[in-house]
Amino acid sequence: MKDNIKKSYLLNIVGILSIYLILKLLIGGNVLNRYHISIVIFICINIILATSLNLATGFLGQLALGHAGFMAVGAYVSAITAVALKSSGLPDTLMLVISLLVAGIFSGIVGIAIGIPALRLRGDYLGIITLGFGEVIRVIINNMKSITGGAQGFTGIPRIANFDNVFWITIIVVGILYALTHSRQGRAIISIREDEIASEAVGIQTTKYKVLGFAIAAFFAGIGGGLYAHHLAFLDPKTFGFMKSVEILVIVVLGGMGSLTGSIIAAIILTILPEALREFANYRMLIYSFILVVMMIFRPQGIFGTKEFSLSSFLHKLRYNQIISPRKEIKGDE
Amino acid sequence: MAILQTTELAIQFGGLRAVDNFNISINEHELVGLIGPNGAGKTTIFNMLTGVYRPTEGDIKLDGVSIVGKKPYEIVKQGAARTFQNIRLFKNLSVIDNIKIAYHNEMKYSTLEGIFRTKRYWKEEKKAHQESLDFLKIFDMQDYANTLAKNLPYGKQRKLEIARGLATNPKILMLDEPAAGMNPQETYELMDTIHFIRDKFNITILLIEHDMNLVMGICERIVVVDHGKIIAKGLPEEIKNNPDVIKVYLGE
Ligand SMILES: Nc1ncnc2c1ncn2[C@@H]1O[C@H](COP(=O)(O)OP(=O)(O)OP(=O)(O)O)[C@@H](O)[C@H]1O
Ligand SMILES: [Mg+2]
């Protein structure tokens, strides 16, 4: 069993490195221009936002409609921190990591503060509370003109996010969320989604794990927001509205509630799709919605349901379903 | 010594006194049946004993310690496990994960240790995995380890719920109508299982049941409730011939 785990670790590392190197080569060879790189960075940010929301909604089972609020908290806190550190002469990536950690912790604390009272409620009620929270955050940002720049926006943010650091931060975030969901704490979180009463009846302190799941989701949403700030170098409170929360939720639902790999695939599709449809201008949103409606009719559980895509079992299947020719298989045995 | 003792336990839902003046004392290793017609208050009694409802009056002592006002998860830690009348499994999870969740408190590694997968994480996870498998073997369910709980046949779902309760390492196990919806063959197997786990795990069992054969067949002592009040207590023979019980069960 240990060997299997080692093997799948190795496979994942190889897989990730290959993706990184391919993208690197494409960028180096100017196949991907600045616009394309920007899309890749947005994909990464959306992956962080969607996987973190998935923890709260897909794994914990709580309808959260204010993810953009946590993203906004993270974006502004990270921007403020980086501006303060600007003259310190720190290397870009170190400055980015520090700003993101401050942003994540701040956002996580806000998550706990909102979560403790809000998580007493369920379903629609929790949805409404979190929705309200997202709007309140936006209003606060709008009114704290001296710090946030208010409605005019926040300018002069150090542009310290680049393809390399964003890529690896995304890998780390997803890795942490994956490990979390496969620990005893993660199982406790999932058991709450499955049946809260049963969960408590087998000794799980449900309130604690609800708040934990919610806080971790907020922490990473804050980091996603921070990356957004350091990529665009400009923040406008309008971008963190209710529609942004819905956009993230759509990624989660499309990929599959409770599947991190599903969120990754859906984030890639739903970031590229609107860009690819840009030439259809007015029809863009129509096509986008149409695809979603079709999806919900034919595969309401999302692309992956609650399952995770695993490279090792995929390769295993490839071999044993003999998609690779049977002869090769025999050769290997000799 | 009494493992579970209630004194003048009562609960009021608005105008309805669902349970009133409920006194029982269950000794270690006993197998006690709680019976009564529909709506008598049996499940409500379980809900008070496991912290789901807070009694409006009276006291509950589990192994000598009062548990009134404690949360269900705290009561589990003190040694009381239960099953539900309408099965509550973690449906979309595998059979083995259902058991592993009950091992939650056996494992001690922190959230960060879990995320960074320290030595302790691997050690405790491996142990929990092995013990969960052993557990399934006891119930002859090892072949279903990776089956989703919702895909199990009905009888096996009931069994899994009992196994999950036992995995919390309780002193007393409370079963709410474990034979509900089972055919006679399954009920018969269940009687065996219940006897077996009591001896194997050396625990006390309190069970609610409608199936008279099952109750009379395995319980050493029976408590009968009607309209929230105890109307009879005693050995199966005594209960069978008690005129009050006959009246309640067979009508006038
Ligand atoms: N939360 C509640 N609020 C109001 N009334 C309740 C509540 N829970 C139970 N009751 C009432 O208490 C009474 C006893 O219900 P209970 O479920 O304990 O009966 P039971 O003996 O388990 O019956 P059954 O054999 O049908 O399971 C019923 O009249 C029920 O309607
Ligand atoms: Mg009942």
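Sequence order for the protein chains is X and D. If you're matching positions, the first sequence starts at 1 in my numbering and goes up one per residue. If you're matching positions, the second sequence starts at 335 in my numbering and goes up one per residue. Think of the CB as a built atom: it goes at the ideal place given N, C-alpha and C, for glycine as much as any other residue.
Contacts between I401(D) and chain X, judged by CB atoms closer than 7 angstroms, are missing: the closest CB pair is about 14 angstroms apart. Judged by DSSP secondary structure, I337(D) falls within the beta strand (DSSP E) whose first and last residues are 336-347. Counted as a single uninterrupted DSSP element, the stretch harbouring A566(D) is not any alpha helix (DSSP H) but the beta strand (DSSP E) occupying residues 563-568.
For E391(D), the enclosing beta strand (DSSP E) covers residues 391-396.
In the three-state DSSP reduction, V366(D) falls in the strand class (E or B).
In the pairwise beta carbon analysis, the segment 132-150 of chain X is classified as touching the segment 68-85 of chain X: at least three pairs are separated by under 8 angstroms. The Cβ atoms of V558(D) and V579(D) sit closer than 7 angstroms to each other. In chain order, the residues that have a beta carbon nearer than 6 angstroms to some heavy atom of ligand 1 are F347(D), L350(D), A352(D), G370(D), N372(D), G373(D), A374(D), G375(D), K376(D), T377(D), T378(D), Q419(D). At a cut-off of 7 angstroms between beta carbons, L180(X) contacts chain D. Around Q301(X), the same chain offers G256 as residues with beta carbons nearer than 7 angstroms, after the five sequence neighbours per side are excluded.
Membership of R555(D) in the beta strand (DSSP E) is indicated by the continuous run 555-560. The way I'd put it, the segment 74-85 of chain X does touch the segment 224-234 of chain X; three or more beta-carbon pairs between them come closer than 8 angstroms.
Contacts between T384(D) and chain X, judged by CB atoms closer than 7 angstroms, involve A201 in chain order. Sequence-distant partners of A513(D) (beyond 5 residues in either direction) whose C-beta falls short of 7 angstroms from its own C-beta, in its chain, are T521, L524, E543, D545, L548. Three or more Cβ pairs closer than 8 angstroms define a contact, and the segment 177-188 of chain X falls short of that threshold against the segment 404-422 of chain D.
Using a CB distance cut-off of 7 angstroms, D164(X) does not count as an interface residue toward chain D. Scanning chain D for C-beta atoms nearer than 9 angstroms to the C-beta of I197(X) yields V386, P406, F418, R422, reported in chain order.
For R351(D), the beta-bridge partners assigned by DSSP are Q346(D).
When secondary structure is reduced to three states using DSSP, D510(D) falls in the strand class.
By the neighbour-count criterion, in which 16 or more other beta carbons inside 10 Å mark a residue as buried, Q519(D) falls on the exposed side. In this structure, DSSP gives L10(X) a helical state, which the three-state scheme calls helix. Going by beta carbons, E554(D) and E362(D) fall outside the 7 angstroms limit.
Contact between L55(X) and G225(X) is absent: CB atoms are separated by about 16 angstroms, not below the 8 angstroms threshold. Residue state for R498(D) is assigned as helix, using DSSP reduced to three classes.
Burial check for E200(X): the Cβ neighbour count within 10 Å reaches 16 or more, so the residue is buried. Neighbourhood of T306(X) in chain D, by CB distance below 7 angstroms: N426, in chain order.
Where I528(D) is concerned, there is no enclosing beta strand (DSSP E), although the alpha helix (DSSP H) around it starts and stops at 518-535. A check of alpha carbon separations from W168(X) across V40(X), S107(X), R299(X), L26(X) identifies V40(X) as the nearest. Rounded to the nearest whole angstrom, the CA to CA distance from L467(D) to F473(D) is 10 angstroms. Around A82(X), the same chain offers M95, S99, I157, P158, I160, H230 as residues with beta carbons nearer than 7 angstroms, after the five sequence neighbours per side are excluded.
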